[in-house]
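This report refers to the structure that appears directly beneath it.
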Amino acid sequence: MKHALATALLASAVAFTGCNTNVGVDNPDSREATASQISGVVTTRYNAPVENVFNAVNRSLDQTPGMMRTGESDITGSGGAQDKVGVKVFARSVGDLLVTVEIVKTEDKEKNETYTAVSIKYGAFGNLPESQKLISRISSNLRR
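For the sequence shown, the numbering used here begins at 159 and goes up steadily by one.
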């Protein structure tokens, strides 16, 4: 009984803390992305303005077979509607899976750099291979 309680506590601790894994992606600005096993979100970053990444995301979603863009919404910062920091793009894939691509301007205060973070959630639980393919398409559509 002692072992069952200890095992249950350990399993719940692992489940609630989550697990992030670095995975390889086809992105010239950052060769790895972070994949969250709990939320299903894959995140990478580009050294390009939000507008350029947004246009590359739209082209990539339009070029993906079986994918249809369904909308977008602005992401605002603490300054309200005037403080737009990014865009969230919504699409539907085969099987009516919701694909969400979040594009946000982010700053790294330690390195004093500004970059654009792209987070992709493919379906309710995430789909790492499809997210990696989408990142590859975004990278190829991002004009340098």
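Each residue gets a CB set at the ideal place from its N, CA and C atoms; glycine is no exception. Keep in mind it's a predicted model, so treat the numbers as computed, not measured.
DSSP-derived helix/strand/coil call for residue i
{"i": "S297", "result": "helix"}
{"i": "E268", "result": "coil"}
{"i": "R189", "result": "coil"}
{"i": "G238", "result": "helix"}
{"i": "S231", "result": "strand"}
{"i": "N180", "result": "strand"}
{"i": "A275", "result": "strand"}
{"i": "A249", "result": "strand"}
{"i": "S289", "result": "helix"}
{"i": "S218", "result": "helix"}
Beta-carbon gap between residue i and residue j smaller than 9 Å
{"i": "T274", "j": "V208", "result": "yes"}
{"i": "Y204", "j": "L286", "result": "no"}
{"i": "V200", "j": "R227", "result": "no"}
{"i": "I261", "j": "V211", "result": "yes"}
{"i": "G198", "j": "G281", "result": "yes"}
{"i": "K279", "j": "T222", "result": "no"}
{"i": "V276", "j": "T202", "result": "yes"}
Alpha-carbon to alpha-carbon, residue j and residue i
{"i": "V183", "j": "R189", "result": "6 Å"}
{"i": "G238", "j": "T264", "result": "17 Å"}
{"i": "S236", "j": "N270", "result": "21 Å"}
{"i": "S231", "j": "V243", "result": "11 Å"}
{"i": "E268", "j": "L219", "result": "33 Å"}
Contact belief for residue i with residue j at Cβ below 8 Å, rounded distance in angstroms
{"i": "I293", "j": "A191", "result": "6 Å"}
Closest residue to residue i among the options (Cα-Cα distance)
{"i": "I233", "options": "E288, G224, V245", "result": "V245"}
{"i": "S297", "options": "N216, L256, K267", "result": "N216"}
{"i": "E288", "options": "L256, D266, E268", "result": "L256"}
{"i": "N185", "options": "Q195, C177, Q240, A206", "result": "A206"}
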